[in-house]
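Chains A and B are the protein sequences, given in the same order.
For the first sequence, full-length UniProt numbering gives the first residue as 1, with consecutive numbering after it.
For the second sequence, full-length UniProt numbering gives the first residue as 1, with consecutive numbering after it.
Glycine included, each C-beta is placed from N, C-alpha and C at the ideal position.
Structure first, commentary second.
Protein chains: 2
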Amino acid sequence: MENAAKVRLCVEHPLGQGQTVPLEREQAHYLFGVMRLAEGAAIALFNGQDGEWRAEVTRAGKRGGELTCVEQTKPQGGPADVWLMFAPIKKTRTDFIVEKAAEMGAARICPVQTEFTNAERIRRDRLQAHALEAAEQCGNTYVAEVDDLARLDRMLADWPEGRQLMFCDEALAEDETPAGLKNAPKGPWAILIGPEGGFSEAERARLRALDFAWPVQLGPRILRADTAAVAALTLWQAALGDWQ
Amino acid sequence: MENAAKVRLCVEHPLGQGQTVPLEREQAHYLFGVMRLAEGAAIALFNGQDGEWRAEVTRAGKRGGELTCVEQTKPQGGPADVWLMFAPIKKTRTDFIVEKAAEMGAARICPVQTEFTNAERIRRDRLQAHALEAAEQCGNTYVAEVDDLARLDRMLADWPEGRQLMFCDEALAEDETPAGLKNAPKGPWAILIGPEGGFSEAERARLRALDFAWPVQLGPRILRADTAAVAALTLWQAALGDWQ
Chain A
1 MENAAKVRLC VEHPLGQGQT VPLEREQAHY LFGVMRLAEG AAIALFNGQD
51 GEWRAEVTRA GKRGGELTCV EQTKPQGGPA DVWLMFAPIK KTRTDFIVEK
101 AAEMGAARIC PVQTEFTNAE RIRRDRLQAH ALEAAEQCGN TYVAEVDDLA
151 RLDRMLADWP EGRQLMFCDE ALAEDETPAG LKNAPKGPWA ILIGPEGGFS
201 EAERARLRAL DFAWPVQLGP RILRADTAAV AALTLWQAAL GDWQ
Chain B
1 MENAAKVRLC VEHPLGQGQT VPLEREQAHY LFGVMRLAEG AAIALFNGQD
51 GEWRAEVTRA GKRGGELTCV EQTKPQGGPA DVWLMFAPIK KTRTDFIVEK
101 AAEMGAARIC PVQTEFTNAE RIRRDRLQAH ALEAAEQCGN TYVAEVDDLA
151 RLDRMLADWP EGRQLMFCDE ALAEDETPAG LKNAPKGPWA ILIGPEGGFS
201 EAERARLRAL DFAWPVQLGP RILRADTAAV AALTLWQAAL GDWQ
């Protein structure tokens, strides 16, 4: 029986047949100290470009080591071109949103500042590390990019041509039926999750008036932002993304 | 302008026009000590039977108090008849699954023991408190019931007539296309989320053979159980439940 890899790592190094990958001290500590891998053990590697490879530990040391690629186990997959835009909230919930967005296959994760967002700053590096860990765990061959905090109004003013926006609107009037994603075109998209305090009236009016915005309602209940992120990405992936 | 209620409480007391609701010490502490409500303040109440009511604080004391129902603000809603079955994992993730299932409108939350489940016991009362808090927060007029831990094989052996099972199967063969929920009947359902270690071969074979089971795949990535719970409930609510 093939040695099944129990550990999956994202590395910054080319991968290919017979390619060796040197390990840094911290990686060696994790693989050999924490995970107790020995020479000959299998490990899965990806780097965002060369697909997923089964590699073997060919040298295990305390301060370093070496892996050697044996066989490609997955071709490089691209994420569907969908961004998740959300207003950062409390630390733990924000971490969850990033983890969930990465797991659900978002290409880019965009923390946005709305009128009712409290967060003035985020720790981009820490959120990026969460996205990487989620990619290792969920089997992706790419890592979602986490952006710096940006103002929603500026993003909308500078919106890229041809990108559609799924606008998750909690405050539809009772007689309104959201268009949903029926007849929505394929291609680049972004999903915008409302902040916990809701959008301001001015923001809502502006969003509703955009010709690239598709209002979608996520059911009759008020969802927390992390729940809404998963629900919205589920609807999008099932209708337009890689769940079809 | 009407006094908008900032606090929403589930109470065990009949609600109706002019009905008074006595407060226990702990509730009084929360409303008047923590939330700083004064006499005359508005509060939203529900009890799982009489819909949602706007009530006013008619007596605020340190050890108790009284609310009086003013106006019904929502009729009693029933949950769609869907159970969420999942294998308990680490404490925090289990808490999240219960919170998410309640927010996504599950009627009943069933922790199940599978062959690869580690949990021997759960704290049902603690999980029930999470479900109640989620109901207060998301605007439901009912609280999802949390069951005690039950063995999956026994639940399947004793399955209620006419209830369909959405079986979220990570391990479909490559040439298999899951049936999904196309042509699925309305009526009572349950959703089964795979445990983090997967189902055993015997469990999978048994589940696939059940004539009330509908295998559904949640995309190409490996989802954590809490993510899978939200994604599965999204698909179900959109196809058969109260999101239509």
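Neighbourhood of residue i by C-beta, 6 Å cutoff - its chain only, sequence neighbours within 5 removed
{"i": "Thr20(B)", "result": "Glu66 and Thr68"}
{"i": "Leu132(B)", "result": "Cys10 and Val143"}
{"i": "Thr58(A)", "result": "Glu66 and Thr68"}
{"i": "Leu233(A)", "result": "Met104"}
{"i": "Glu136(A)", "result": "Arg8 and Cys10"}
{"i": "Gly77(B)", "result": "Thr141"}
{"i": "His130(A)", "result": "Asp95, Val98 and Glu99"}
{"i": "Leu207(B)", "result": "Phe167 and Ala213"}
{"i": "Tyr30(B)", "result": "none"}
Opposing strand residues paired with residue i [DSSP bridges]
{"i": "Lys74(B)", "result": "Glu52(B)"}
{"i": "Pro22(A)", "result": "Glu66(A)"}
{"i": "Val82(A)", "result": "Trp189(A)"}
{"i": "Ala42(B)", "result": "Glu56(B)"}
{"i": "Pro88(B)", "result": "DSSP output for Pro88(B) lists no bridge partner at all."}
{"i": "Leu9(B)", "result": "Leu45(B)"}
{"i": "Pro111(A)", "result": "Phe86(A)"}
Neighbour-count burial assignment, residue i, 16 or more Cβ in a 10 Å radius
{"i": "Gln113(A)", "result": "buried"}
{"i": "Met35(B)", "result": "exposed"}
{"i": "Ala209(B)", "result": "exposed"}
{"i": "Pro22(B)", "result": "exposed"}
{"i": "Thr92(A)", "result": "exposed"}
{"i": "Lys90(A)", "result": "exposed"}
{"i": "Glu26(B)", "result": "exposed"}
{"i": "residue 250(B)", "result": "With chain B represented from 1 up to 244, any question about residue 250(B) goes unanswered, as that position is not in the structure."}
{"i": "Arg151(A)", "result": "exposed"}
{"i": "Glu12(B)", "result": "exposed"}
{"i": "Ala4(A)", "result": "exposed"}
{"i": "Glu52(A)", "result": "buried"}
{"i": "Ala44(A)", "result": "buried"}
{"i": "Arg224(B)", "result": "buried"}
{"i": "Ala134(A)", "result": "buried"}
Spatial neighbours of residue i in its chain, beta-carbon cut-off 8 Å, leaving aside the 5 residues before and after
{"i": "Leu127(A)", "result": "Thr94, Asp95, Val98, Ile109, Pro111 and Val146"}
{"i": "Pro185(B)", "result": "Gln164"}
{"i": "Ala190(B)", "result": "Val82, Trp83, Leu84, Met85, Cys110, Arg163, Gln164, Leu165 and Met166"}
{"i": "Ala38(A)", "result": "Phe32, Val57 and Ala60"}
{"i": "Val216(B)", "result": "Met166, Phe167, Cys168, Asp169, Pro178, Ala179, Gly180, Leu181, Ala232 and Leu235"}
{"i": "Ser200(A)", "result": "Thr114, Glu115 and Phe116"}
{"i": "Ala28(A)", "result": "Ala60, Gly61, Lys62, Arg63, Gly64 and Gly65"}
{"i": "Val230(A)", "result": "Lys100 and Met104"}
{"i": "Met1(A)", "result": "Reliability fails at Met1(A), whose pLDDT of 37 lies under 50, so the model's placement of it is uncertain and no value is given."}
Top-ranked residue by Cα proximity to residue i, from the options
{"i": "Gly40(B)", "options": "Gly51(B), Gly219(B), Lys90(B) and Val70(B)", "result": "Val70(B)"}
{"i": "Pro160(A)", "options": "Glu103(A), Thr92(A) and Asp81(A)", "result": "Asp81(A)"}
{"i": "Pro88(A)", "options": "Pro79(A), Glu103(A) and Glu196(A)", "result": "Glu196(A)"}
{"i": "Asp169(B)", "options": "Gly219(B), Gly33(B) and Val7(B)", "result": "Gly219(B)"}
{"i": "Pro14(A)", "options": "Gln27(A), Asp50(A) and Arg25(A)", "result": "Asp50(A)"}
{"i": "residue 253(A)", "options": "Ala129(A), Ala228(A) and Ala202(A)", "result": "Residue 253(A) lies beyond the range of chain A shown here (1 to 244); nothing can be said about it."}
{"i": "Asp153(B)", "options": "Gln17(B), Leu192(B) and Asn47(B)", "result": "Leu192(B)"}
{"i": "Lys74(A)", "options": "Ala101(A), Gly48(A), Ala239(A) and Glu56(A)", "result": "Gly48(A)"}
{"i": "Trp243(A)", "options": "Gln244(B), Arg221(B) and Asp226(B)", "result": "Arg221(B)"}
{"i": "Gln237(B)", "options": "Gly18(B), Ala101(B), Glu52(B) and Ala55(B)", "result": "Ala101(B)"}
{"i": "Lys6(A)", "options": "Cys138(A), Phe212(A) and Leu235(A)", "result": "Cys138(A)"}
{"i": "Asp226(B)", "options": "Arg204(B), Ala28(B) and Gly194(B)", "result": "Gly194(B)"}
{"i": "residue 323(A)", "options": "Asp125(A), Glu201(A), Ala202(A) and Phe212(A)", "result": "A question about residue 323(A) goes unanswered here, because the residues of chain A that appear run from 1 up to 244."}
{"i": "Pro79(A)", "options": "Leu223(A), Thr141(A) and Arg123(A)", "result": "Thr141(A)"}
{"i": "Ala239(B)", "options": "Gly198(B), Ala205(B) and Gly187(B)", "result": "Gly187(B)"}
{"i": "Glu203(A)", "options": "Arg123(A), Ala129(A), Glu24(A) and Met155(A)", "result": "Met155(A)"}
{"i": "Gln17(A)", "options": "Ala134(A), Arg123(A), Gln72(A) and Ala42(A)", "result": "Gln72(A)"}
{"i": "Gly198(B)", "options": "Asn118(B), Gly241(B) and Ala134(B)", "result": "Asn118(B)"}
beta-carbon residue i near the ligand MN non-hydrogen atom, thresh 7 Å
{"i": "Pro188(A)", "result": "Absence of the ligand MN is noted for the structure shown, with no ligands found whatsoever."}
Same chain only: Cβ atoms within 7 Å of residue i, ignoring 5 sequence neighbours per side
{"i": "Arg121(A)", "result": "Leu149"}
{"i": "Trp214(A)", "result": "Gln164, Leu165, Met166, Phe167, Ala179, Leu181 and Ala184"}
{"i": "Arg124(A)", "result": "Val146 and Asp148"}
{"i": "Arg54(A)", "result": "Ala5, Ala42, Ala44, Val70, Glu71 and Thr73"}
{"i": "Phe46(A)", "result": "Cys10, Glu52 and Thr141"}
Just list the alpha helix (DSSP H) runs in the region 120 to 190 of chain B, keeping only unbroken ones of 4 residues or longer that don't cross its boundaries, in chain order.
-> 124 to 138 and 152 to 157
At what residue ranges does the region 191 to 219 of chain A contain a whole run of the alpha helix (DSSP H), taking only runs of 4 or more?
-> Qualifying alpha helix (DSSP H) stretches, in chain order: 201 to 209.
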